[in-house]
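A.B. asks: Got a structure here, written out as structure tokens. Questions coming.
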Amino acid sequence: MRLSELAILLTAAWWQSQAEWQIHEPIARSSGLSDDIIEALQAQHTPTFVQKDEAIVYHLGEELYRTRRVSDERYQEAVDAFGEPAVVELVAIFGYYALVAMTLNVFAVQRPTTTPLPFSEP
864 MRLSELAILL TAAWWQSQAE WQIHEPIARS SGLSDDIIEA LQAQHTPTFV
914 QKDEAIVYHL GEELYRTRRV SDERYQEAVD AFGEPAVVEL VAIFGYYALV
964 AMTLNVFAVQ RPTTTPLPFS EP
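Numbering (the working numbering), first residue to last: 864 to 985.
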């Protein structure tokens, strides 16, 4: 769950999806993702990772979003760490939550909360 939530928060930050971030940030915290990682993602900075599995997930997603591809080396690193079925699942998480983020952004979905928005509005 921790790695899935990392993938979701990376996606929410990439797309600056307010509602997606607000929903998943507390879930990510409760799943064990560190405050430092969460704060770096929200600030659109590359986090410093203590756990290698988190770094692998982050770099897989960041490369996928930035280049719209994943290099053979990055892919193999993820397969070696998690196995191919888990890499397929991670790519599906990145894709699904990108769809969710775009949908929430297009329709300007806001959560009924007084909490400040996590990202500046364009």
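Where is the CB? At the ideal position from N, CA and C, for every residue including glycine.
In this text, all values refer to a predicted model and were calculated from it rather than measured experimentally.
(1) Within a Cβ cutoff of 6 Å, which residues of the same chain sit near residue 972, ignoring the five residues on either side of it in sequence?
(2) Could you tell me whether the stretch 869-886 touches the stretch 960-971, using the rule of 3 or more Cβ pairs below 8 Å?
(3) Using 8 Å for Cβ pairs, my map puts residue 919 next to residue 940. What's the rounded Cβ distance?
(4) Given residue 877, which residues of its chain have a CB within under 7 Å of its CB, disregarding the five upstream and five downstream residues?
(5) Mind checking which residues open and close the alpha helix (DSSP H) that includes residue 965?
(6) For a test of the three-state rule: what should DSSP assign to residue 913, helix, strand or coil?
(7) Does DSSP classify residue 927 as helix, strand or coil?
(8) Report the option in 921, 954, 926, 907 whose CA atom is closest to the CA atom of residue 981.
(9) Between the C-alpha atoms of residue 949 and residue 899, what's the straight-line distance to the nearest angstrom?
(10) Helix or strand or just coil, what does DSSP make of residue 942?
C.D. replies: The relevant details are as follows:
(1) Within the sequence shown, the letter at position 109 stands for residue 972. Here the set comprises 882.
(2) With the rule of 3 Cβ pairs closer than 8 Å, the stretch 869-886 counts as touching the stretch 960-971.
(3) Taking the first residue of the sequence shown as position 1, residue 919 is located at position 56. Taking the first residue of the sequence shown as position 1, residue 940 is located at position 77. That belief holds up - the Cβ atoms of residue 919 and residue 940 are roughly 6 Å apart, short of 8 Å.
(4) In the sequence shown, residue 877 corresponds to position 14, counting from 1. Here the set comprises 928.
(5) Taking the first residue of the sequence shown as 1, we reach residue 965 at position 102. According to the DSSP assignment, residue 965 belongs to the alpha helix (DSSP H) that extends over 947-969.
(6) Taking the sequence shown and counting its residues from 1, one reaches residue 913 at position 50. For residue 913, the three-state secondary structure derived from DSSP is coil.
(7) As a position in the sequence shown, residue 927 is number 64, starting the count at 1. The three-state secondary structure of residue 927, taken from DSSP, is helix.
(8) For the purposes of this step, residue 981 is taken as the residue at position 118 of the sequence shown. The shortest Cα separation from residue 981 among 921, 954, 926, 907 belongs to 907.
(9) Here the question's residue 949 lines up with position 86 in the sequence shown. Here the question's residue 899 lines up with position 36 in the sequence shown. Rounded to the nearest angstrom, the two C-alpha atoms are 25 Å apart.
(10) As a working mapping, residue 942 is identified with position 79 in the sequence shown. Residue 942 sits in a helix when the DSSP states are folded into three classes.
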